[in-house]
Amino acid sequence: MSWDIIAIYATSAALIIGAIFAMVGAIGLIKFNDTMVRMHAPTKVGTVGIGALLLASIIYNSVIGDGAIHSALVMAFLFVTAPISANFIAKVNIHKRSCDVPPAPEGDDTWATLNVPEADREIEPQKDGAA
Amino acid sequence: MSQALDVMNIALLIAFAAVALAQVLSMVRLVLGPSVGDRILALDTMVINAIGLIVLMGISQGSTIYFEVSLIIAMLGFVSTVAFARFVMRGDIIE
Numbered sequence: 001m002s003w004d005i006i007a008i009y010a011t012s013a014a015l016i017i018g019a020i021f022a023m024v025g026a027i028g029l030i031k032f033n034d035t036m037v038r039m040h041a042p043t044k045v046g047t048v049g050i051g052a053l054l055l056a057s058i059i060y061n062s063v064i065g066d067g068a069i070h071s072a073l074v075m076a077f078l079f080v081t082a083p084i085s086a087n088f089i090a091k092v093n094i095h096k097r098s099c100d101v102p103p104a105p106e107g108d109d110t111w112a113t114l115n116v117p118e119a120d121r122e123i124e125p126q127k128d129g130a131a
Numbered sequence: 001m002s003q004a005l006d007v008m009n010i011a012l013l014i015a016f017a018a019v020a021l022a023q024v025l026s027m028v029r030l031v032l033g034p035s036v037g038d039r040i041l042a043l044d045t046m047v048i049n050a051i052g053l054i055v056l057m058g059i060s061q062g063s064t065i066y067f068e069v070s071l072i073i074a075m076l077g078f079v080s081t082v083a084f085a086r087f088v089m090r091g092d093i094i095e
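Residue numbers (the numbering used here), protein chains in the order written: chain A, 1 to 131; chain B, 1 to 95.
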């Protein structure tokens, strides 16, 4: 059994792992029943799912073609940006009060995303049902 | 060698079907989603699944030319998620 065959079987295994994690993330996005809980599932797609698919691409192209290590850039970019966008979505949920607002922090009066500046007070309360 | 390639083709088919089904399920959450946060999250997931589909297409055609496409879509997806979230929080994207 030469290295080519082992690499192609490894590609198949990585493809299957990535496909399973993509499915698990989407099923979790459908089945969970709270806005904040739903943020849990798609993080698996962004890290392990796409990570395994890109790993399959790297392995396959390094055997068949002429190396594709630059695909790791996409993985690195997704790993860096996933927590930032998750943080932004959580702030949107707290801001729209579509989840249980966490208890007020000590020493401070309220959370920053709920703290509406003086000039914007008259714009504020939108009800969530419209949006 | 040919047996290994057959196994990989079956794995590719399974992966295509799974990621496409995941894309459709995220679309369902995008349409249903009771709050704005759910819709932004579903769009983010759809962008990530689109990157997965493009990577799978690159494997099945045996070319590395789709690398730039997936990188640009990853950047665009991140920026659009942040822009949506900021628009909902501030009513404005660039202050």
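Yeah, the Cβ is synthetic: ideal placement off N, Cα and C, and Gly gets one too.
Contact check, residue i vs residue j under 8 Å by CB: the rounded distance?
| i | j | result |
| --- | --- | --- |
| leucine 29 of chain A | proline 42 of chain A | 6 Å |
| threonine 140 of chain A | serine 60 of chain B | The question about residue 140 of chain A has no answer here: the residues shown for chain A are numbered 1 through 131. |
| phenylalanine 21 of chain A | valine 45 of chain A | 6 Å |
| lysine 31 of chain A | methionine 89 of chain B | So it is not a contact: roughly 28 Å between Cβ atoms. |
| leucine 73 of chain A | leucine 71 of chain B | 6 Å |
| serine 26 of chain B | alanine 26 of chain A | 6 Å |
| methionine 23 of chain A | leucine 41 of chain B | In fact, because the Cβ distance is near 17 Å, the residues do not count as touching under 8 Å. |
| isoleucine 94 of chain B | isoleucine 73 of chain B | Actually they do not touch by this definition, with Cβ atoms about 22 Å apart. |
| leucine 43 of chain B | leucine 30 of chain B | 6 Å |
Is it buried or exposed, residue i, if we count other Cβ atoms within 10 angstroms and call 16 or more buried?
| i | result |
| --- | --- |
| leucine 53 of chain B | buried |
| asparagine 132 of chain A | One cannot answer for residue 132 of chain A here, as it falls past the ends of chain A, which runs 1 to 131. |
| alanine 68 of chain A | buried |
| serine 2 of chain B | exposed |
| alanine 130 of chain A | Here alanine 130 of chain A scores only 47 on pLDDT, less than 50, and its place in the model is too uncertain to base an answer on. |
| lysine 96 of chain A | buried |
| leucine 56 of chain B | buried |
| methionine 1 of chain A | exposed |
| isoleucine 65 of chain B | exposed |
| methionine 8 of chain B | buried |
| alanine 104 of chain A | exposed |
| threonine 110 of chain A | exposed |
| valine 19 of chain B | buried |
| leucine 32 of chain B | exposed |
| leucine 12 of chain B | buried |
| leucine 15 of chain A | buried |
| glycine 37 of chain B | buried |
Verify the CB distance criterion: does residue i have a CB-CB separation below 7 Å to chain B?
| i | result |
| --- | --- |
| isoleucine 69 of chain A | no |
| alanine 130 of chain A | Interpretation of alanine 130 of chain A is limited by its pLDDT of 47, a score under 50 that renders its predicted location unreliable; no figure is taken from the coordinates. |
| phenylalanine 79 of chain A | no |
| leucine 54 of chain A | yes |
| serine 62 of chain A | no |
| proline 23 of chain A | For the sequence presented, residue 23 of chain A should be read as methionine rather than proline. Chain B contact via Cβ: present. |
| alanine 26 of chain A | yes |
| alanine 72 of chain A | no |
| isoleucine 8 of chain A | yes |
| alanine 19 of chain A | yes |
| isoleucine 58 of chain A | no |
Could one say the Cβ of residue i lies closer than 7 Å to chain A's Cβ atoms, at least one of them?
| i | result |
| --- | --- |
| aspartate 38 of chain B | yes |
| phenylalanine 78 of chain B | yes |
| methionine 27 of chain B | no |
| valine 88 of chain B | yes |
| valine 31 of chain B | no |
| alanine 85 of chain B | yes |
Check distances from the C-beta atoms of the segment 38-50 of chain A to those of chain B and list, in chain order, the residues that come in under 8 Å. Arg38, Met39, Pro42, Val45, Gly46, Gly49, Ile50
Residues of the segment 41-71 of chain B whose Cβ lies closer than 8 Å to any Cβ of chain A, in chain order: Leu41, Ala42, Asp44, Thr45, Ile48, Asn49, Ile51, Gly52, Val55, Leu56, Gly58, Ile59, Gly62, Ser63, Thr64, Phe67, Ser70, Leu71
Give, in chain order, every residue of the segment 3-25 of chain B whose Cβ lies closer than 7 Å to some Cβ of chain A. Answer in chain order: Ala4, Leu5, Val7, Met8, Ala11, Leu12, Ile14, Ala15, Ala18, Val19, Leu21, Ala22, Leu25.
Contact set between the segment 89-116 of chain A and chain B, restricted to residues whose Cβ is under 7 Å from the partner: Ile89, Lys91, Val92, Asn93, His95, Lys96, Ser98, Thr113
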